[in-house]
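Going line by line, the protein sequences match chains A and B. Residue 469 is where the first sequence starts when you use our numbering, and the numbers rise one by one after that. Residue 107 is where the second sequence starts when you use our numbering, and the numbers rise one by one after that. Note that the Cβ used here is the ideal one computed from N, Cα and C, for glycine as well. Here's the structure we're looking at; comments come further down.
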Amino acid sequence: MLKRNVFLACLFIALLLVALLMVVPFVWMLSASFKSNMEIFESPIHWIPSVFRPDNYRKVWIEINFIGFFLNSLKLSSAITLAQLATCSLAAYSFSKMHFPGRDKIFVAYLATMMIPWHAIMIPQFIVVKSLGLYNSHWSLILIQAFSAFGVFMLRQNMLSIPDSLHEAARIDGCGSFRIYTSIILPLCKTGLATLTVLTFNGIWNDYMGPMLYLDSDNLKTVQLGLASFKRQYSADYGAIMAGTVCSIIPIVLVYIFAQRYIVEGVAFAGVKG
Amino acid sequence: MITGADRIPRRITPSRLQYREALAGYLYILPNFVGFLIFTGIPVIAGLVISFTSFNGVNTLKFVGLDNYLKLFRDTNFKTALVNNLWYAFSVVPLTLAISLLLALALNRRIALAGFFKTIFFFPTLTSMVAVGCVALLLFEPNKGPINQLLKAVTGLPAESLPKWFFSSKTALGTVVATVVWKQAGYYMVMFMGGLKNIPSHLYEAAKVDGAGPVRTFFSITWPMLSPTTFMVTILLFIASFQTFDIINVTTEGGPGRATSVLVFRIYREAFRDWKMGYASAIAYFLFLIILVVTLVQWHGQRNWVNDD
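Next comes the structure, spelled out in structure tokens:
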């Protein structure tokens, strides 16, 4: 028994060290964002800045239009998430509850497209978007990401667990299929919808390559793109880069605090189904 | 798990109601389907066509046969990127696998603050590669960054002999690997925790009754029962490894020299910097092929495991 307790104590200490390794970079980032460029690399490190300087934040928000990047990211993440929720839940409802010829064949075709890596098709997709005249507009990113096979797959799995008897009872009562979708199916797969919401929002917020390919004007840029180009232009302005990084992470922290359960569920789902 | 088709009542003439249901069924798929067709379906075909042309973004399509694919064998930029990408994949995959599995096994025990640890370990996976790259660049700064300051204090080595991390062709790829493993270990840890939860507890009780020690229990129960999850995580990690780009573009831009150039980075450079879209499409289809092979291995393996159950 003593041996076991010693083992658990060692394990606990090891985990504590790993946790420290995970947290320290974020603490360092936060601390550096309040320091002047001279103070950041001072040795030994002052984890709590001797003077809190808000200058970096002022620079980020006022001088380099971070507010614009922020609003663009918020707009894109919300629009794409809403579009995915709508198109994916409708398709998932059709695939899970309606009966029509060819249904399962179409669904298998959907599954097959899930394995196409985006990077393999980004060139022709770019040509398609450009020929539609959507280059350098938010519509490009909204349209290429509004239709997700993964979303359909996940929501369908969720809807299959809703008993068919509910659906049929409503039908017998004379309820139309769209009404069944809005008043029975959607309320019953809240968990799936919430999971898709947080995963999509987080994914779009963090997307870097998509905005980099499609957005050219500064007033259209997203947070990740703005942060990366800011880092490139002012590579010696360490404090401001850290302040920008802190700001870019804040929404993710908020989502994590309020929706951790759904995120973890989504990852577990991806692990089972690929 | 495809059911339902057999539940369609078989009649000689379908009723009006069935017609309406079929119509509604197609209608509900339509928005997603059309969007998918335009922005994924057409590109898949178009990409293959473009890979046989010398398209540069503006001219008309001029077919060059297999030239682009033959060029892959001569292009040292591409070959370096492929070799780098293989090094990257065969470092990131085993390291992430081992660390995330160990963390999951540790948190699976009755340990204090397990929920807190899980929250902390998972958090970096939610942040963007751009943010992680910005912080890593400063932490690994060769002259005065905190990591080299710490190394200097501990080892007493002069500043010149400390590693230059992102800024030396010897260490750049390794530094990228370390940063990526640090960021993503928590993600796969959560997958492993899901797999561990699915192992029925009566197996462990039986092992205890039989007097099996912890090592024996691990190799006779945990490891074999966890193998479907391990397999899935390996596949997902490989696929992700061949798509890495963000961290490279933010920290090293493929350098120094070509030390951290990987496949997607090459595609990006050829297509969107040099506008050699035909040639870049050939690289993209090569990437597609790699991922296809990995996916086929996955399907094959999955079928075998289903049979084993």
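Grab the span of the alpha helix (DSSP H) containing residue i for me, first residue to last.
i: G280/B; result: 278-303
i: R700/A; result: 691-701
i: M497/A; result: 470-500
i: W381/B; result: Looking at the DSSP string, W381/B is not in any alpha helix (DSSP H), and its letter there is neither H nor E.
i: S307/B; result: 307-315
i: M422/A; result: With chain A represented from 469 up to 742, any question about residue 422/A goes unanswered, as that position is not in the structure.
i: S633/A; result: 632-640
i: A658/A; result: Reading off the sequence, residue 658/A comes out as Lys, not Ala. Residues 658-674.
i: N687/A; result: Element bounds for N687/A: n/a, residue is neither H nor E.
i: F216/B; result: Looking at the sequence shown, residue 216/B is not Phe but Arg. No alpha helix (DSSP H) contains R216/B, which DSSP labels as neither H nor E.
i: H606/A; result: 606-613
i: E359/B; result: First-last for E359/B: undefined, no H or E at that position.
i: T261/B; result: 252-261
i: T549/A; result: 534-565
Check the Cβ of residue i against every Cβ in chain B and list those closer than 7 Å, keeping chain order.
i: F744/A; result: Nothing about residue 744/A can be reported from this structure: the residues present for chain A run from 469 to 742 only.
i: I612/A; result: F145
i: I513/A; result: P252
i: T555/A; result: P137, N138, G141
i: F480/A; result: I217, A218
i: A736/A; result: V296, M297, G300
i: I720/A; result: L232, T233
Would you mind stating whether residue i and residue j have Cβ atoms separated by less than 7 Å?
i: I640/A; j: L656/A; result: no
i: I73/B; j: I397/B; result: Past the boundaries of the shown model lies residue 73/B; chain B is included only from 107 to 415, so the question cannot be answered.
i: I589/A; j: G147/B; result: no
i: I226/B; j: A477/A; result: no
i: L343/B; j: L369/B; result: no
i: S564/A; j: L628/A; result: yes
i: G707/A; j: N533/A; result: no
i: L279/B; j: T366/B; result: yes
i: N174/B; j: S157/B; result: yes
i: F351/B; j: M677/A; result: yes
Relative to the C-alpha of residue i, which candidate in the options has its C-alpha closest?
i: F615/A; options: L550/A, I481/A, T690/A, A704/A; result: L550/A
i: F416/B; options: L544/A, W586/A, H635/A, S545/A; result: Residue coverage of chain B in this structure runs from 107 to 415, which leaves residue 416/B outside it and unanswerable.
i: T581/A; options: F537/A, R472/A, F621/A, N524/A; result: F621/A
i: F575/A; options: N138/B, N214/B, T401/B; result: N138/B
i: F568/A; options: I305/B, H308/B, A130/B, Y374/B; result: A130/B
i: R472/A; options: A128/B, Y385/B, R215/B, Y134/B; result: R215/B
i: F213/B; options: G301/B, I354/B, L309/B, F325/B; result: Sequence inspection shows Leu at residue 213/B; the Phe mentioned does not correspond to that position. Comparing Cα-Cα distances from L213/B to each of G301/B, I354/B, L309/B, F325/B, the minimum goes to G301/B.
i: L484/A; options: L167/B, V236/B, K177/B, A220/B; result: A220/B
i: W673/A; options: D316/B, M235/B, Q290/B, F161/B; result: M235/B
i: L579/A; options: S511/A, V666/A, F618/A; result: F618/A
i: A738/A; options: N524/A, R521/A, Q625/A; result: Q625/A
Can you pull the chain A residues whose beta carbon is under 7 Å from the beta carbon of residue i, in chain order?
i: A278/B; result: Ordered by position in chain A, no residue passes the 7 Å Cβ test against A278/B, which lies about 17 Å from the chain.
i: P149/B; result: I589, P592, Q593, V596
i: D352/B; result: Y676, M677
i: V241/B; result: P493, M497, T713
Could you work out which residues of chain B lie near residue i, taking near to mean beta carbons separated by less than 9 Å?
i: W529/A; result: Here the premise fails: no neighbours, minimum Cβ distance about 17 Å.
i: L813/A; result: Chain A is shown from 469 up to 742; residue 813/A falls before or after that span and cannot be answered.
i: F509/A; result: L244, E247, N249, K250, G251, P252, Q255
Determine the direct distance from the alpha carbon of residue j to that of residue i, and round the result to whole angstroms.
i: T555/A; j: M383/B; result: 32 Å
i: S333/B; j: V287/B; result: 21 Å
i: S605/A; j: I591/A; result: 17 Å
i: G163/B; j: S599/A; result: 11 Å
i: V403/B; j: S347/B; result: 16 Å
i: K314/B; j: I217/B; result: 20 Å
i: L623/A; j: F228/B; result: 24 Å
i: I535/A; j: T650/A; result: 36 Å
i: F142/B; j: L136/B; result: 10 Å
i: Y125/B; j: L542/A; result: 42 Å
i: G110/B; j: A559/A; result: Model confidence at G110/B stands at a pLDDT of 48, short of 50, so the residue's coordinates are unreliable; what they give is reported in the following sentence. Straight-line Cα distance between these residues: approximately 16 Å.
i: V399/B; j: A195/B; result: 15 Å
i: I481/A; j: I653/A; result: 47 Å
i: V260/B; j: F475/A; result: 29 Å
i: I612/A; j: T323/B; result: 48 Å
i: G694/A; j: A237/B; result: 11 Å
i: F537/A; j: I354/B; result: 22 Å
i: N165/B; j: F246/B; result: 45 Å
i: M680/A; j: L167/B; result: 26 Å
i: V448/A; j: A312/B; result: Since the first residue shown for chain A is 469 and the last is 742, residue 448/A is missing from the structure and cannot be characterised.
i: I108/B; j: N190/B; result: Summary for I108/B: the model assigns pLDDT 47, below 50, so the residue's position carries little reliability; its value from the coordinates is reported in the next sentence. Going by the C-alpha atoms only, they are around 41 Å apart.
i: I725/A; j: L244/B; result: 27 Å
i: A204/B; j: F169/B; result: 47 Å
i: P230/B; j: K289/B; result: 5 Å
Closest Cβ-Cβ distance between residue i and chain C: below 7 Å?
i: E127/B; result: Looking for chain C here will not work: the only protein chains present are A and B.
Closer than 6 Å to a non-hydrogen atom of the ligand SAM - does that hold for the CB of residue i?
i: Y603/A; result: Because no ligand of any kind appears in the structure shown, any question about the ligand SAM cannot be addressed here.
Can you list the residues of chain A that residue i reaches, using a CB-CB cut of under 8 Å?
i: A152/B; result: P592, I595, V596
Please list the partners that residue i has in chain B, where partner means a Cβ-to-Cβ separation under 8 Å.
i: T663/A; result: Under the 8 Å cutoff, chain B gives no residues; its nearest Cβ is about 13 Å from T663/A.
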